[in-house]
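Working notes for the structure below.
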Amino acid sequence: MAALDNKKLLACCANGAGSSLMMEKAIDKVLKKYGVKPAELRHCPVSEGKSAARNYDVLFCARTFEKNFDDAKKAGTVVIPLRNVMSAAEIEKALQDAGLL
């Protein structure tokens, strides 16, 4: 069983419409490559993500938003900040570096 199987994953961007949707698709591409089956994978704006993050195992966001999720980190959520939120290669490497792939 992969470390991310049955985990809840969240992708956050400024408005929750464009880049977080593209980030979600890139994350999904990586998960499918490794045969990972998460319990949930969704996207939302940072404003919603700040309060919802504690309910997720892993949260992805642009580096500029990382500090918004310090409380979630303290609660045990793995926060993965990205330079290019649409890069499947960067997402894959970040998950490997975090020991999740």
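Residues in the sequence shown are numbered from 0 upward in steps of one, following numbering that gives the first Met the number 0. Glycine included, every Cβ here is placed at the ideal spot set by N, Cα and C. Given the structure is predicted, the values throughout are model-derived calculations rather than measurements.
Cβ-based burial, residue i [other Cβ within 10 Å; buried from 16]
i: Glu23; result: buried
i: Ala74; result: exposed
i: Ala93; result: buried
i: Ala71; result: buried
i: Thr76; result: buried
Where the beta strand (DSSP E) through residue i begins and ends
i: Ala10; result: 7–12
i: Leu81; result: 77–81
Endpoints, alpha helix (DSSP H) assigned at residue i
i: Met22; result: 18–32
i: Asp96; result: 87–96
Cutoff 6 angstroms; reference residue i; Cβ partners in own chain excluding five residues on either side
i: Lys36; result: Asp4
i: Asp56; result: Lys6, Lys7
i: Glu39; result: Lys7
i: Ala2; result: Leu99
i: Val29; result: Ala87, Ile90, Glu91
Same chain only: Cβ atoms within 7 angstroms of residue i, ignoring 5 sequence neighbours per side
i: Ile26; result: Leu8, Ala10, Leu40, Phe59, Ile90
Same chain, Cβ closer than 8 angstroms to residue i, five either side skipped, listed in chain order
i: Arg62; result: Pro80, Leu81, Arg82
i: Gly34; result: Ala1
i: His42; result: Leu9, Ala10, Cys11, Cys12, Gly15, Ser19, Leu20, Met22, Glu23
Stretch-stretch touch, CB-based, cutoff 8 angstroms, three pairs: the region 84–93 with the region 42–50: no
Runs of beta strand (DSSP E) lying entirely within the region 36–74, each at least 3 residues, in chain order: 39–44, 57–61
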